[in-house]
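See structure below.
Residue numbers (our numbering), protein chains in the order written: chain A, 212 to 576; chain B, 212 to 576.
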């Protein structure tokens with residue numbers, strides 16, 4: 212265990228939160244800012260909550276340098292609902308959208324989009340068991356595509372786009388950034404839509420952040436249910452209906468924490484340092500630890516690796532848990548091991564894992 | 212102010228939470244049950260969280276005596292998304308659904324349902340400015356209706372169905388019970404679907420409870436997006452994707468609190484006692500306070516009333532806030548005053564309001 216009986220938390224999401232944020236949530240639980248109420252108990256139409264949501268929006272705008280030509284909305288339903296909402300809003304009935312297939316999450320996005328409209332697979336890495344991001348030359352783009360959808364980081368396989376796919380003019384980029392949003396600087400102006408479930412880098416589950424270029428609102432078909440319509444949700448500043456108030460507040464505190472420590476440039480350095488600690492052990496293990504991702508597609512957020520036998524993998528999980536390192540079991544769909552190193556995970560936890568891995572190899576290698 | 216600087220919280224939702232629940236959430240914020248993690252930081256696939264969601268489901272089943280032929284799901288998107296999901300799942304393309312129009316919320320439900328399919332208004336009280344629930348004889352039922360939808364309590368107007376509409380065999384009852392669920396016993400077997408946003412009687416916003424009769428799953432069209440499909444969501448026990456874990460946990464604690472104090476029979480008594488305190492002041496005021504709802508349609512959850520002038524109403528809001536009674540301003544769409552007296556509001560708060568109202572009349576009447 213880490214200090215104060217806190218675990219080294221490698222959960223893939225919901226995941227570790229910054230401790231100062233949890234402490235503030237704790238201290239204000241029965242009385243927020245002298246209101247005599249928890250944030251949970253306040254009307255979403257109160258001045259206090261409107262301030263909270265506007266501050267969260269402004270802080271995200273600052274962190275990612277989001278221009279005024281984009282709207283921000285805090286939504287519900289996870290990235291899974293976005294898999295349907297993106298095509299419902301942006302894919303015309305007679306159109307087609309390009310999707311890049313790089314792992315479980317893009318696969319689910321494609322499956323949901325196919326229920327709504329026509330999907331063209333612009334590239335796939337399924338042949339290699341999703342162990343890499345396709346090269347730019349592999350993208351077979353439809354020149355009339357309504358948009359190109361990609362998953363900036365595949366949480367389950369542990370592969371991450373080093374930078375956005377390069378597109379010809381016209382087709383907006385749509386990104387599921389659930390597991391690497393605000394982990395590094397990005398150029399938002401390259402995107403039409405970015406969506407991300409909060410439960411990895413932004414806060415608790417139950418909140419989704421959507422960043423959408425305002426001119427895309429024109430595509431939205433009439434008569435979409437209000438709760439599935441990006442324009443309704445964004446133009447009301449997330450107050451069309453009752454938002455998940457406490458979750459939005461927690462996300463706002465995480466964004467503020469991120470600004471306080473130095474923003475996305477600083478967190479990028481920290482994330483690279485953490486990932487290096489773990490990948491270095493894999494690379495120095497002489498094949499005892501086998502990384503799943505090809506080196507140039509390695510995720511800084513989710514380090515996926517195997518051991519020589521499944522029995523050793525089980526032993527690794529059990530022993531690591533006994534030492535207070537939790538969440539290292541790989542996703543049930545692929546097996547193996549996975550260390551998630553999101554923004555809020557301290558460097559000390561990555562170092563504890565590296566040390567544990569070296570020791571485990573010494574004992575079991 | 213109440214004890215410990217806590218406000219008398221008459222917010223219409225998000226609303227007052229039971230203090231013991233907030234205290235537990237506070238005490239466990241950095242370490243839930245010795246895990247070294249907040250509930251927010253735990254995987255939704257962990258044993259701990261699966262226990263949480265199963266316990267919440269079981270406790271709701273106990274409280275409302277829900278038979279095994281019904282499923283329970285914890286969803287997202289508020290009642291607003293349910294306004295679309297109910298017809299998407301249960302209204303066949305060539306069918307029609309009956310809706311009863313009794314106030315703002317049923318009006319919004321109707322507007323969203325009309326985007327999906329055919330709606331027949333079985334009764335409306337719009338003529339009387341939504342100040343009552345229609346009599347059974349007023350219901351013009353379509354014998355072929357896919358279902359009949361009603362809003363068991365209209366939060367904004369403060370009118371509440373004394374009991375369910377009586378239907379001929381066949382058409383299932385669909386109820387938006389957001390603002391009076393678990394406030395009294397109901398006979399679940401009369402319903403096809405009950406849905407309720409959590410933020411009034413069940414916990415924080417961002418969670419919706421749906422109780423659905425399993426045979427209705429057969430109606431669900433193929434190829435609905437997974438996140439809009441009751442069967443997918445219910446059969447996975449709310450774990451198809453990452454649920455709002457902390458919100459579901461808080462709802463679970465509220466349900467447990469309710470069981471501990473004696474269940475829905477006990478809370479019904481308390482709710483009636485609270486409502487009586489406030490309505491008695493209105494009835495004894497000689498017309499100074501004018502209740503919006505007709506006496507036999509009065510809501511036990513939301514007491515709506517006017518004062519002789521709008522100026523006095525503003526003064527009432529200001530003065531009550533200064534004395535620590537918050538959330539008494541009526542909804543922006545109807546004006547006036549509204550006292551929401553949900554499950555978690557203590558009797559002492561209703562008594563404080565009654566006393567304040569009497570004193571306000573003495574000074575300003």
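Beta carbons: idealized from backbone N, C-alpha and C, even for Gly. The structure presented is a predicted model; accordingly, all values stated were derived computationally and were not measured.
Within-8 Å CB hit, residue 217 of chain B to chain A: yes
Chain-ordered chain D contacts of residue 236 of chain B [CB-CB under 8 Å]: Here chain D cannot be found, since the structure's protein chains are A and B.
Interface flag, residue 568 of chain B vs chain A, CB-CB below 8 Å: No Cβ of chain A is located within less than 8 Å of the beta carbon of residue 568 of chain B.
Residue 255 of chain B: contacting residues in chain A (beta-carbon distance under 9 Å): 224, 225, 410, 416
Residue 512 of chain B vs residue 391 of chain B beta-carbon contact at 8 Å: Yes. Within cutoff.
First through last residue of the beta strand (DSSP E) which encompasses residue 551 of chain B: Taken as a continuous stretch (DSSP letters only), the beta strand (DSSP E) holding residue 551 of chain B covers 548–551.
Which residues DSSP lists as bridging residue 516 of chain B, in chain order: DSSP, once it has assigned bridges, lists B/502, B/548 as partnering residue 516 of chain B.
Option in A/492, A/317, A/245, A/371 with minimal Cα separation from residue 569 of chain A: Of the listed residues, the one whose Cα sits closest to residue 569 of chain A is A/492.
At least three beta-carbon pairs within less than 8 Å, the stretch 405–417 of chain B to the stretch 454–467 of chain B: yes
Per DSSP, cross-strand counterpart(s) of residue 361 of chain B: Beta-bridge pairing links residue 361 of chain B to B/386.
Test item: CB-CB of residue 448 of chain B and residue 342 of chain B under 8 Å: no
Span separating the alpha-carbon of residue 295 of chain A from that of residue 308 of chain A: 13 Å
7 Å Cβ cut-off: residues of chain B touching residue 366 of chain A: Within chain B, not a single residue places a beta-carbon under 7 Å from that of residue 366 of chain A; the smallest gap is close to 11 Å.
Residue 344 of chain A and residue 316 of chain A closer than 8 Å at C-beta: no
Among B/370, B/330, B/337, the one whose alpha carbon lies nearest that of residue 358 of chain B: Answer by Cα proximity: B/330.
Neighbour flag for residue 456 of chain B against chain A, beta carbons, 8 Å: Residue-level contact by beta carbon holds for residue 456 of chain B and chain A, with a gap shorter than 8 Å.
Short CB-CB distance (under 8 Å) between residue 292 of chain A and chain B: Chain B contact via Cβ: present.
Residue 339 of chain A burial status per 10 Å Cβ neighbour count (16 or more: buried): exposed
Between the CA atoms of residue 260 of chain A and residue 267 of chain A - distance to the nearest angstrom: 11 Å
Meets three-Cβ-pair contact criterion under 8 Å: the stretch 418–430 of chain A and the stretch 281–289 of chain A: yes
Chain B contact for residue 436 of chain A (CB, 8 Å cutoff): yes
Strand pairing of residue 285 of chain B, partner residues [DSSP]: B/420
Cut-off 7 Å between Cβ atoms - residues of its own chain near residue 488 of chain B, not counting five sequence neighbours on either side: 561, 562, 565
DSSP beta-bridge partners of residue 220 of chain B: B/537
Per-residue burial, residue 367 of chain A [other beta carbons within 10 Å of its own, 16 or more giving buried]: buried
Beta carbon proximity, residue 523 of chain B to chain A, threshold 8 Å: no
Rounded C-alpha distance that separates residue 377 of chain B from residue 353 of chain B: 13 Å
Within chain B, the residues that residue 228 of chain A reaches when beta carbons sit closer than 8 Å: 249, 251, 252
Contact list for the stretch 293–327 of chain A against chain B, Cβ threshold 7 Å: 295, 323, 326
Cross-chain neighbours of residue 535 of chain A in chain B, by beta carbon under 8 Å: 247
Closer than 8 Å to chain B by CB, residue 288 of chain A: At least one CB atom of chain B sits nearer than 8 Å to the CB of residue 288 of chain A.
7 Å Cβ shell around residue 572 of chain B - same chain, five flanking residues per side excluded: 496, 499
Any chain B beta carbon closer than 8 Å to residue 340 of chain A: no
Start-to-end residues for the beta strand (DSSP E) that takes in residue 311 of chain A: 307–312
Status (buried if at least 16 other CB within 10 Å, exposed otherwise) for residue 332 of chain A: Counting Cβ neighbours within 10 Å, residue 332 of chain A comes out exposed, since fewer than 16 surround it.
Check whether residue 424 of chain B and residue 281 of chain B have beta carbons under 8 Å apart: yes
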